[in-house]
Amino acid sequence: MDYSRDLDLVNDLMLCSRCMKREGIKAREGECYICNGLMDKLDEIFELIKHAIKDYEFNTFLIGATIHPSILEREDELRSRLKIKGRRSIKNEITSTLGKMLSSSINAKVSFTDPDLIIHIDLIGRFVTINSKAIYLFGKYKKEKRGIEQRATKCINCNGIGCHQCNFKGVIDISIESILADHLIQLYNADQVKFSWIGGEDEDSLVLNKGRPFFVKIINPRKRSIDYSSIIIKRDGVTAWFVKEASKFPDKSIRFRSKFRILADAKLDTIPDIKLDSVNVTNKHKSIKKKIYQMEITPINDGLEIILEAESGLPIKRFVEGNGIEPSLSELLNTNLKCKYFDVLDVKIEEG
Numbered sequence: 004m005d006y007s008r009d010l011d012l013v014n015d016l017m018l019c020s021r022c023m024k025r026e027g028i029k030a031r032e033g034e035c036y037i038c039n040g041l042m043d044k045l046d047e048i049f050e051l052i053k054h055a056i057k058d059y060e061f062n063t064f065l066i067g068a069t070i071h072p073s074i075l076e077r078e079d080e081l082r083s084r085l086k087i088k089g090r091r092s093i094k095n096e097i098t099s100t101l102g103k104m105l106s107s108s109i110n111a112k113v114s115f116t117d118p119d120l121i122i123h124i125d126l127i128g129r130f131v132t133i134n135s136k137a138i139y140l141f142g143k144y145k146k147e148k149r150g151i152e153q154r155a156t157k158c159i160n161c162n163g164i165g166c167h168q169c170n171f172k173g174v175i176d177i178s179i180e181s182i183l184a185d186h187l188i189q190l191y192n193a194d195q196v197k198f199s200w201i202g203g204e205d206e207d208s209l210v211l212n213k214g215r216p217f218f219v220k221i222i223n224p225r226k227r228s229i230d231y232s233s234i235i236i237k238r239d240g241v242t243a244w245f246v247k248e249a250s251k252f253p254d255k256s257i258r259f260r261s262k263f264r265i266l267a268d269a270k271l272d273t274i275p276d277i278k279l280d281s282v283n284v285t286n287k288h289k290s291i292k293k294k295i296y297q298m299e300i301t302p303i304n305d306g307l308e309i310i311l312e313a314e315s316g317l318p319i320k321r322f323v324e325g326n327g328i329e330p331s332l333s334e335l336l337n338t339n340l341k342c343k344y345f346d347v348l349d350v351k352i353e354e355g
């Protein structure tokens, strides 16, 4: 494009060689009306990025930038007066140049769709923020020791933020969640983890055989090259392992069935033949039907052993004792049962 009629304007504005080239004007050296010297400092900016990413493992990345509004306004003004169209903006020029510099210095590529690392450079405050794509894993855990909660209890003193009282973990007491979180945060050098549990059990319940499945989201991991199938977490009677990677947490509730071994206090001379295919569970004036797939009752010493396979969401102690369940096991046996504890023998995810 011929800008000869606007040479006086171009000369008056003083543009650097990079900005003139971007606008399609013959380049020259000197101060710059648009960037005010910013384009000549990309090597310094690149060093900030290199320092910020030094602890991260990644194969793909994307660079974004925040630029002072006055720079964008001056570029828009120039383009408007010279009627320049179809040229990349100074912001795109900066991020593209930095991306090429990073690609050539390490074994990683730019990705505009799903980068492992999003690098954002604030060119006003001259600082870099990093967002590493979360890693999702599907795993299972067994619990062979009673007295351990599934979910962590937040520290009352700091409300989960972390303080001296909770050793800066944000939680008190040992739980499945805290055991797994401690290991994964350290292993992946991550900021935190979040869990999506497929069912739960009491503090005094065991989880046996093939274990209970769960999903975990590892947030801002610095390590990505870990073979998840090699991870085995063993501590305080809890064992966890990982089956596969996932793209995200499930969008909807997962349907599953669970098999339990229940021990109840009872004194019965005979056990009637009971056929039961479902029960109604009442919660806050709402009744939900839950399927019963199997139930076997065996007298042992001064109690009963019940092997029960049921649809997810059946409250086991309430089913045994009769609180808001119709019919309950106490009602079916015509006696007052007390659930001592129950153990989880199996958890099966139902397809579809």
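Those letters in the sequence shown? Residues 4 to 355, per the numbering used here, in order.
We treat Cβ as the ideally placed atom computed from N, Cα and C, and that holds for glycine.
query	result
Can we say the segment 307 to 324 touches the segment 252 to 265, given the rule of at least three CB pairs closer than 8 angstroms?	yes
Flag this pair as touching only if the segment 203 to 219 and the segment 126 to 144 have three or more C-beta atom pairs under 8 angstroms; answer yes or no.	yes
On the criterion of 16 or more Cβ atoms from any shown chain inside 10 Å, does residue 276 qualify as buried, or is it exposed?	exposed
Please state whether DSSP places residue 353 in a helix, a strand or coil.	coil
Between which two residues does the alpha helix (DSSP H) carrying residue 47 extend?	45 to 55
Check whether the segment 200 to 212 touches the segment 223 to 238, counting contact only when three or more Cβ pairs, one atom from each stretch, lie closer than 8 angstroms.	no
Just grab the DSSP bridge partners of residue 298 for me.	311
Within the same chain, show all residues whose beta-carbon is closer than 6 angstroms to that of residue 104, passing over the 5 residues directly before and after it, in chain order.	49
Please report the distance separating the alpha-carbon of residue 292 from that of residue 221.	36 angstroms
What residue ranges within the segment 157 to 218 form continuous beta strand (DSSP E) runs of no fewer than 3 residues, ordered along the chain?	195 to 200
Rounded to whole angstroms, how far is the Cβ of residue 239 from the Cβ of residue 148, which I believe are closer than 8 angstroms?	6 angstroms
Where residue 340 and residue 192 are concerned, what is the direct C-alpha to C-alpha distance, given to the nearest angstrom?	49 angstroms
Please state the DSSP three-state secondary structure of residue 286.	strand
Could you spell out where the alpha helix (DSSP H) holding residue 322 opens and where it closes?	319 to 324
So, residue 113 versus residue 124, is the Cβ gap smaller than 9 angstroms?	no
Would you kindly work out how many angstroms separate the C-alpha atoms of residue 169 and residue 158, rounded to a whole number?	6 angstroms
Out of 166, 182, 165 and 167, which one is the CA nearest neighbour of residue 155?	182
Is residue 98 helix, strand or coil by DSSP?	helix
With C-beta atoms as the reference, is residue 310 less than 9 angstroms away from residue 274?	no
Determine the extent of the beta strand (DSSP E) in which residue 334 is found, giving its start and end residues.	Not the beta strand (DSSP E): residue 334 falls in the alpha helix (DSSP H), residues 332 to 336.
Does residue 347 pass the burial test, meaning 16 or more other C-beta atoms within 10 Å, or should it be called exposed?	buried
Leaving aside the five residues before and after residue 78 along the sequence, list all residues of the same chain whose C-beta is less than 6 angstroms from its C-beta, in chain order.	37 and 93
Around the Cβ of residue 40, are there at least 16 other Cβ atoms within 10 angstroms (buried) or fewer (exposed)?	exposed
Run through the DSSP bridge pairs and tell me what residue 132 is partnered with.	123
Have a look at 205, 229, 306 and 279 and flag the residue whose alpha-carbon is nearest the alpha-carbon of residue 338.	306
Does DSSP put residue 235 in a helix, in a strand, or in coil?	strand
Nearest-angstrom Cα distance between residue 352 and residue 249?	16 angstroms
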